[in-house]
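Visitor:
In full-length UniProt numbering, the protein residues as written are 1 to 252.
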């Protein structure tokens with residue numbers, strides 16, 4: 001039960017999460033041997049364009065097709081994600097003029113290692129994801145509207161489980177889990193800006209963890225914003241190391 005195994009589970013889960021968005025909305029997907037590329041053509045920012053791969057050799061073979069895919073969609077920049085175990089791909093990317101741009105902290109936990117604690121604040125599992133979309137829009141901004149809108153379109157994907165925390169009937173914090181095999185990937189955890197510091201995100205996470213246990217999951221994984229790291233560490237999540245994101249050179 002190593003960090004490398006949790007990292008592998010997060011990588012697999014993230015691809016499944018993005019494929020769900022592809023099936024439900026405007027996210028575009030190019031699948032090549034050992035490589036998955038996702039694009040949101042309505043946004044130019046590289047943050048919304050992501051390449052995930054299994055082996056450096058597969059990535060090297062796919063780079064020309066990836067360039068054609070993104071440039072064909074009118075996207076000048078995209079990001080290639082490297083987990084801590086994929087640093088050998090830096091040579092491949094560097095030789096093509098790619099450079100590191102930013103990192104994201106990956107975290108995970110084996111559920112038997114986490115305390116079985118009550119949320120502390122009432123939370124509920126919901127099928128209507130409208131509150132989740134609204135809270136994330138208020139947290140991250142209107143530029144996320146298109147990519148979040150896919151979660152408002154029925155029917156709800158079977159492996160998605162949404163938890164909401166309310167105060168006086170108003171939804172103030174939320175998050176969702178996507179199950180892949182026996183791993184629950186956690187996404188879109190957000191708290192209304194006016195309700196931060198009240199422990200609501202921790203309550204939502206405990207609700208998601210409890211639900212994952214009930215469904216028979218053995219692990220949970222996520223990627224954290226800088227603001228969320230302290231919350232997840234307090235809950236017992238391990239730091240799995242930074243995931244690097246490399247961007248291509250400016251093209252003609």
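Idealized CB from N, CA, C, for every residue including glycine.
#1: How is residue 173 classed by DSSP in three states: helix, strand or coil?
#2: Any contact of the segment 135–148 with the segment 166–186, i.e. 3+ C-beta pairs under 8 Å?
#3: Examine the Cβ distances between the segment 61–70 and the segment 103–119 and report whether three or more of them are shorter than 8 Å.
#4: Going by beta carbon distance, what residues of the same chain come within less than 8 Å of residue 206, once the five residues before and after it are set aside?
#5: Could you check whether residue 63 and residue 91 sit closer than 8 Å to each other, using their CB atoms as the reference points?
#6: Could you work out which residue in 58, 46, 98 and 82 is closest to residue 74 when comparing CA atoms only?
#7: Unbroken beta strand (DSSP E) runs of length 3 or more, entirely within the segment 26–101: which are they?
#8: Using the Cβ count rule (16 or more neighbours within 10 Å means buried), how would you classify residue 115?
#9: Does the separation of the CB atoms of residue 187 and residue 180 fall below 8 Å?
#10: Of the choices 1, 89 and 100, whose alpha-carbon is the least far from that of residue 111?
#11: To the nearest angstrom, how far is it from the Cα of residue 93 to the Cα of residue 240?
#12: Leaving out five residues before and five after residue 130 in sequence, what residues of the same chain have Cβ atoms less than 8 Å from its Cβ?
Guide: Let me lay it out:
#1: strand
#2: yes
#3: no
#4: 117, 118, 119, 120, 123 and 235
#5: no
#6: 46
#7: 28–32, 35–39, 50–53 and 79–82
#8: exposed
#9: no
#10: 1
#11: 23 Å
#12: 152
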